[in-house]
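Below is one structure; the comments refer to it alone.
Residue numbers (the working numbering): 3 to 285.
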């Protein structure tokens, strides 16, 4: 009787590892805003280290914002460029027994960015207009009505923010009131774990979510590493969330290795995958 043939070996499908497996990614968002970024990067397999490059706090004075909100019915549009502005306006309205949901019926809301729009939805105040791309230029280009004769309120960061929105709307014939709604200040020092990972050349990518995170990160690195601080980033991919952040990277760091598209956290994760070029270190 012939011997039975050995069955062919079972072919298993290849195991697909998460795209950032064995990678270390540093997130520079404000401490209060790091949760979602950490979740997305960890879902992609990354080890995430925090570098909260912003401390969000009140402006030097609430006067201009409070005065504008007292006359909110005189505005046609309330334009938010960050979730921090949403938080500040909601808090100041609550002080006078109101909120964004109860704003005057003639006041519409426009927003730049998915996270800003999402925060409004959480408050039960969906934006009337969100541009197709999450950058200020897209909001201006696709704004649903002519700016001529409109009165716009733009709550914004006290220092270092873009005046491009206000200037563009003013050029279009709008009457623009820009008021400081919050300030983003620089922390005192790098987290110890993040500084240690940079010294040990364990960081694969450093992600930036705004021009200010670039500016403050540079200051923090200089405090920790001295005048040769840029050497700590020689093997680190620099990942930007959008065009203006990329401009700041070029100004202060001389390069940017990838830019998010779309300009949100999901795009930032994908840009991180594309921007890391060095091989995975043995683990």
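Think of the CB as a built atom: it goes at the ideal place given N, C-alpha and C, for glycine as much as any other residue.
The structure presented is a predicted model; accordingly, all values stated were derived computationally and were not measured.
{"Query": "Contact between the segment 117-137 and the segment 48-58 (3+ Cβ pairs under 8 Å)", "Result": "no"}
{"Query": "Bridge-paired residues (DSSP) for residue 59", "Result": "185"}
{"Query": "Uninterrupted alpha helix (DSSP H) stretches inside the segment 97-136 (no shorter than 4 residues)", "Result": "116-124"}
{"Query": "Where the alpha helix (DSSP H) through residue 226 begins and ends", "Result": "213-227"}
{"Query": "Bridge partner(s) assigned by DSSP for residue 261", "Result": "242"}
{"Query": "Close Cβ partners of residue 21 (< 7 Å) along its chain, the five nearest in sequence each way excluded", "Result": "46, 47 and 275"}
{"Query": "Min CB distance residue 269 to chain C below 9 Å", "Result": "Here chain C cannot be found, since the structure has a single protein chain."}
{"Query": "Per DSSP, cross-strand counterpart(s) of residue 210", "Result": "242"}
{"Query": "Helix, strand or coil at residue 68 [DSSP, three-state]", "Result": "helix"}
{"Query": "Cβ pair residue 125, residue 88 closer than 9 Å", "Result": "yes"}
{"Query": "Through-space distance from residue 278 to residue 97, alpha-carbon basis", "Result": "47 Å"}
{"Query": "Close Cβ partners of residue 239 (< 6 Å) along its chain, the five nearest in sequence each way excluded", "Result": "207, 259, 277 and 278"}
{"Query": "Closest by C-alpha distance to residue 100, when choosing among 123, 81 and 74", "Result": "74"}
{"Query": "Cross-strand partners of residue 82 (DSSP beta bridge)", "Result": "113"}
{"Query": "Closest by C-alpha distance to residue 200, when choosing among 224, 69 and 130", "Result": "224"}
{"Query": "Inter-residue spacing [alpha-carbon to alpha-carbon] between residue 231 and residue 69", "Result": "44 Å"}
{"Query": "Reference residue 54, options 65, 32, 66 and 64, closest by Cα", "Result": "32"}
{"Query": "One or two residues paired with residue 180 in a DSSP bridge", "Result": "156"}
{"Query": "Identity of the residue in 191, 30 and 184 nearest residue 67 by Cα", "Result": "184"}
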